[in-house]
Amino acid sequence: MSSHEQSLAGVRESLRVKWYRSPVDPKRLGELMTRSDLQGWWQSAGHLALVVFTGLATYLFWRQESWGAFAIALFVYGTFSSFLPGAAVHELGYGTVFRTKWLNKLFLYLFSLPSWWNPFDYALSHTYHHRYTLHPEGDHEVILPLRPTPAFPVAVTLFPISIFSRPVNVFGRGGLFTAIVDTMRTALGVGVPSNTPAREWLAALRADQASERHKAVWWARLIVLFHTGVIVITIVTGLWILPILLSITTFLSARNSGSN
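Position 67, counted from 1, in the sequence shown is what the working numbering calls 1095; the numbers after and before it change by one each time, with no gaps.
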């Protein structure tokens, strides 16, 4: 058992961070925190519309065998899609994008499912991250110092598709292969190996919060079911573009590195 697993319960009782409170007028703060369904629809549905439109364009160019246009459309589609995990689900996870609470959940799950993103694991980690931000006793979502990696090796592993990258010092899902393996292990109730600080942190969180771990397991099973369905439909219809559009899209092109 890791030191994190042994100490998380104690951290909640003993660690008291003395935060600096910014001098912001309460009325102004309330205005800034006002929730709006209209803005939520504009931002969330608007981005989803970009994903759907570029996805349809990619599909049509594939059908027409216009490979140059297909490559460009796929790059644009992958770029838009790469913001579904990380940036989009991060904000929706707070439940503050929409004024209507269930709309936050709807878009959170809608964006997470094709992205191989587990919002329940992330909620566990992010709760500690906000409560004890960058205090290593209680927050290992981001472990400092983060050492920069030379640009060329990063480009090789991430472009045009992120496959083998792993979450190391920042909580995330990793590349396509890593995300698939970790999701399968979670769905089977095996758990992820504690071979990096980020994965050790995830194991500690799941050990500490059994009820949330149960939700994460069932969500992983739903992810597996969804993508298995995509493969089955692909085999039946012969539309080999479907896994690219629905299962690996968020790992394509200029992906949002914050998701990994």
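Cβ coordinates follow ideal geometry from the N, Cα and C atoms, glycine included.
Assign residue i to one of two classes, buried (16 or more other C-beta atoms within 10 Å of its C-beta) or exposed (fewer than that).
i: residue 1113; result: buried
i: residue 1082; result: buried
i: residue 1048; result: exposed
i: residue 1029; result: Confidence is the limiting factor: at residue 1029 the pLDDT is only 39, short of 50, which leaves the residue's position unreliable and the question unanswerable from this model.
i: residue 1167; result: buried
i: residue 1247; result: buried
i: residue 1290; result: Only positions 1029 to 1288 of the chain appear in this structure, which leaves residue 1290 out of reach.
i: residue 1288; result: With a pLDDT of 42 at residue 1288, under the threshold of 50, the modelled position of that residue is not reliable, and no figure is offered here.
i: residue 1056; result: exposed
i: residue 1227; result: buried
i: residue 1117; result: buried
i: residue 1136; result: buried
i: residue 1095; result: exposed
i: residue 1041; result: exposed
I'd like to check one pair, residue j with residue i: are the Cβ atoms closer than 8 Å?
i: residue 1109; j: residue 1277; result: yes
i: residue 1233; j: residue 1160; result: no
i: residue 1215; j: residue 1170; result: no
i: residue 1239; j: residue 1199; result: no
i: residue 1251; j: residue 1211; result: yes
i: residue 1121; j: residue 1151; result: yes
i: residue 1220; j: residue 1231; result: yes
i: residue 1045; j: residue 1158; result: no
i: residue 1039; j: residue 1165; result: yes
i: residue 1205; j: residue 1189; result: no
Residues bridged to residue i by DSSP?
i: residue 1280; result: 1189
i: residue 1170; result: 1198
If I'm right that residue i touches residue j with Cβ under 8 Å, what's the distance once you round it to whole angstroms?
i: residue 1279; j: residue 1203; result: 6 Å
i: residue 1224; j: residue 1194; result: 6 Å
i: residue 1197; j: residue 1174; result: 6 Å
i: residue 1013; j: residue 1085; result: What the structure shows of the chain is the stretch from 1029 to 1288, and residue 1013 is not part of that stretch, so it cannot be assessed.
i: residue 1087; j: residue 1269; result: 6 Å
i: residue 1097; j: residue 1103; result: Wrong, their Cβ atoms sit about 11 Å apart, outside the cutoff.
i: residue 1065; j: residue 1131; result: 7 Å
Decide if the stretch 1132-1152 is in contact with the stretch 1260-1279; the criterion is three or more beta carbon pairs, one per stretch, under 8 Å apart.
-> At 8 Å Cβ cutoff, the stretches touch.
Quick check: the stretch 1070-1078 against the stretch 1241-1258, are there 3 or more CB pairs under 8 Å?
-> No: the two stretches stay apart, fewer than three of their Cβ pairs being nearer than 8 Å.
Given 8 Å, three or more beta-carbon pairs between the stretch 1055-1071 and the stretch 1116-1132 | When C-beta atoms of the stretch 1055-1071 are compared with those of the stretch 1116-1132, three or more pairs fall below 8 Å, so the two segments count as touching.
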